[in-house]
Amino acid sequence: MKLSLNICLLIAGLTLAAASNSTGSLLLTENATTTANNGSPVANPSAFATPITLDLKQYWDLFVGPVQTATINTTVEATPIPTSELVPPPPLYYSAFPSGYQSPLVSMNESWKFPSGFFWGVSSAAYQIEGAAQAEGRGPSIWDVFTHRATYLTVSNDTGDVGDNQYYLYKQDIARIAALGVPYYSFSISWSRIFPFGKGPVNELALAHYDDVINTCLQYGVKPMVTLYHWDLPLFLQNSYGGWLSDEIVDDFLSYAKVVFSRYGNRVSHWFTLNEPIEFCQEYPMPKGYFTAVTIPPEAQPFFCGHHALLAHASAYRLAKSMGINGTISFKNNGGYKIPLTNSTDDALATQRAWDFNEGWFANPVFVNGDYPQSLKDHVSTLGLEFTNEQKSLINGTADIFAHDAYTSYFYFAPDVGVADCLTNSSNPLYPGCYNSSNTGPTGWLIGAASDMYSPWLQRATDWVPAFLRYIQDTWPSGGIAISEFGWTEPYEELRTLKEDILSDYTRSAYFRNYLESVLIAISEGVNVVGCLAWSIMDNLEWTSGYHAKFGMQYVNFTTYERNYKASFFEYVNTFKLYAEDPVTPIFVE
Ligand code: GBH
């Protein structure tokens, strides 16, 4: 493989090692082809290269640098949750028409229900929550590089080095959700723990770790749901061939999936292959231009990434089925309802293009016909990205449910010059989508209440949820729709200093309450919604917003690592006590 000159020079400063360690050694570069023979001078200095072998620690040191460690660095046993922590916030006033189990402010609507079998729970992702960055043979991922080296990206240089330290505290974390009666926990596996270099030798310590996470869930009556890829690409795969930009990723993802499926098999009720390919492809590589080892122009990169993501997902789905895995398998799409800003034809056209270039990009191939929506197809075919008939049948039908991360909604409208003009001008900043969006409606009002300043993209637009769910059902027929993430940042939460203030997150409670009522309305109107997962089990690393944007239903004290339930967690659970046909069963282990 070829490496850029920069990297060769960097390596030259290192002590060379005859590395041979438990996770295997890697040949980082090969002799470049030189233009000279017979010992005559080489015309191109960048052709000089050194074959070099780096062990895992050296690889970390070269690309990431020093990594922080936590004071707690062995697995902690769970202790029973004191009943004093399980006292929900009192009603703010007593309803005049009490009926059934009462939650603050609202009486029960007897005609709504979450049908038996409806799954609900809380979610997280490995890099955002685990910490223990170098523990037990974990290899670096692209996110370790971003947070350590591209620090202009992240607020206050926050990293996932220690995070919530869930790598060691998972037993208590699972006990805490079980104590409230939460029946499902959705987390992701870190690919670079299982394969420190993304491929090659497998790290048994990591496999044993997730074994115990899964078994601990089951021991507490919590069903584990696993995402294989939540953005933390093993760095080596990025460095070797550009990660998702190369079709080499498909086989490497498949080998990783195979190890995970064989190891955890039917202990996992739901599998998600990829989290939000729209995000990790659209912003790809993030930060733009950081990884330069690829020659694909930046504006084309999202579509190469998406192409390979679809093939990787579909292959993993087929593999799981061939292995007899009986859990539900899907990928997590993401987005929100798209409302045309005006009733003009051009805004309608722009809105349709927005569906096509977002949800439809991945949903059409998987749920409709194995291929891109026509407007997107017109564009990607100019990049040489076309699925063969064989690939179309590989992709078509590879999700058991439609899993959607749906936080908010926006208005959509045509570019100033109109859709048609934009499409003929590739230097229009909105090209090739040629649609525009806003969280401000036609009368100048925001679509819903604002969340925290660290998530300006998020408003409480829950009234649009029933229409959105109906649209998904009608457009992309599936075995049912799951809201695989939804959640809220409480305004100014990070400025609060009193724990009581932090825990009294009533606008998050309102978000969950309103959202779930909208889901109940959709269900009562015949939309097949099969489950939902709140983001997030606790405050965590919100990517480039660091620890400032807080999505947790539990507060985390980042000095003591203590967790506390916020009011919204009780509200979330209450809604299922009120409306779920299946009982909510808190598990105490005293
Ligand atoms: C989810 O994405 C992620 O899966 C999860 O990891 C994350 O913690 C959670 O959302 C909360 O954000 O800053 O204006 O450029 C949800 C979709 C896509 C929403 C990127 C925020 C950034 C908008 N996200 N988007 S902006």
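Going left to right, the sequence shown walks through residues -19 to -1, 1 to 571 as mature numbering (1 follows the signal peptide of the UniProt record, and there is no 0) numbers them. Glycine residues also receive a C-beta, built at the ideal position from the N, C-alpha and C atoms.
Please check the pair HIS289 and ILE230, which I expect to be a contact at CB under 8 angstroms, by giving their CB distance rounded to whole angstroms. Contact flag correct, Cβ pair sits at about 5 angstroms.
With 9 angstroms set as the bound, which would you pick, yes or no: does the beta-carbon of LEU291 sit closer than that to a beta-carbon of chain B? In the displayed structure, chain B is absent; only one protein chain is listed.
Alpha carbon to alpha carbon, what distance is there between PHE272 and residue 575? Look at the range of the chain in this structure, -19 to 571, and you will see that residue 575 is not part of it.
Kindly indicate the opening and closing residues of the beta strand (DSSP E) around ARG544. 544 to 546
Determine the burial state of ASN220: buried for a count of at least 16 other Cβ atoms within 10 Å of its Cβ, exposed for fewer. It is buried - the Cβ of ASN220 has at least 16 other Cβ atoms within 10 Å.
Please report how far the alpha carbon of LEU134 lies from the alpha carbon of GLU562, in whole angstroms. 45 angstroms
Contact belief for THR208 with SER169 at Cβ below 8 angstroms, rounded distance in angstroms: 4 angstroms
As an exercise, report each continuous alpha helix (DSSP H) stretch of at least 4 residues that is fully enclosed by the region 192 to 245, in chain order. 216 to 222 and 229 to 245
Does the ligand GBH have even one heavy atom less than 8 angstroms from the beta-carbon of HIS288? no
Can you tell me whether ASP455 sits near the ligand GBH, meaning its C-beta is under 8 angstroms from at least one heavy atom of the ligand? no
What first and last residue would you give for the alpha helix (DSSP H) that runs through VAL126? 123 to 130
For the region 282 to 297 against the region 253 to 270, do three or more pairs of beta-carbon atoms, one drawn from each stretch, fall closer than 8 angstroms, so that the two count as touching? yes
With 16 other Cβ atoms within 10 Å as the buried cut-off, status of VAL554: Answer is buried; the Cβ neighbour count reaches 16.
At least three beta-carbon pairs within less than 8 angstroms, the region 482 to 496 to the region 95 to 105: no
Report the option in TRP212, GLY414, LEU501 and SER485 whose CA atom is closest to the CA atom of GLU260. TRP212
Any chance the CB of PRO437 is under 8 angstroms from a heavy atom of the ligand GBH? yes
For VAL510, which residues does DSSP report across the bridge? ILE462
Who are the near neighbours of ILE504 in its chain, counting only those whose CB is closer than 6 angstroms to its CB and skipping five residues on each side? VAL510
Buried or exposed, going by whether 16 or more other CB atoms sit within 10 Å of the CB of GLY112? buried
Looking at GLN109 and the ligand GBH, is the gap between the Cβ and the nearest heavy atom below 8 angstroms? yes
Measuring only the C-alpha atoms, how far is GLY468 from TRP516? 5 angstroms
First through last residue of the alpha helix (DSSP H) which encompasses PRO321: It is not in any alpha helix (DSSP H) - PRO321 instead sits in the beta strand (DSSP E) that spans 319 to 321.
Could you give the DSSP three-state label for LEU411: helix, strand or coil? coil
Close Cβ partners of ASP397 (< 6 angstroms) along its chain, the five nearest in sequence each way excluded: none
Counting Cβ pairs closer than 8 angstroms, one from the region 301 to 316 and one from the region 363 to 382, do we hit at least three? The answer is yes - the region 363 to 382 touches the region 301 to 316, with three or more Cβ pairs under 8 angstroms.
Could you tell me whether the region 137 to 157 touches the region 44 to 55, using the rule of 3 or more Cβ pairs below 8 angstroms? yes
Range covered by the alpha helix (DSSP H) that runs through GLY287: For GLY287, the uninterrupted alpha helix (DSSP H) run begins and ends at 282 to 303, by DSSP.
Could you tell me how far apart the beta carbons of GLN147 and ILE110 are, in whole angstroms, since I believe they sit closer than 8 angstroms? 5 angstroms
Compute the beta-carbon to beta-carbon distance between PHE234 and PRO121, rounded to the nearest angstrom, for a pair I have assumed lies under 8 angstroms. The pair is not a contact, with the Cβ atoms about 18 angstroms apart (cut-off 8 angstroms).
Quick check on this structure: which residue in GLN282, PRO268 and PHE394 has the alpha carbon closest to the alpha carbon of ALA329? PHE394
Keeping to the same chain, check which residues put their C-beta closer than 7 angstroms to that of ASN12; ignore five residues upstream and five downstream. Any reading at ASN12 is ruled out, since the residue's pLDDT is 41, under 50, leaving its predicted position unreliable.
Identify the residues that DSSP records as bridge partners of PHE383: which are they? ILE462
Under a three-way DSSP split, which group does VAL136 fall into? helix
CA-to-CA distance, THR326 to ASP154, given in whole angstroms: 51 angstroms
Between the Cα of VAL241 and the Cα atoms of ILE306, SER167, PHE284 and TRP225, which residue gives the shortest distance? Closest in alpha carbon position to VAL241, among ILE306, SER167, PHE284 and TRP225, is ILE306.
When every heavy atom of the ligand GBH is checked, does at least one fall within less than 8 angstroms of the C-beta of TRP212? yes
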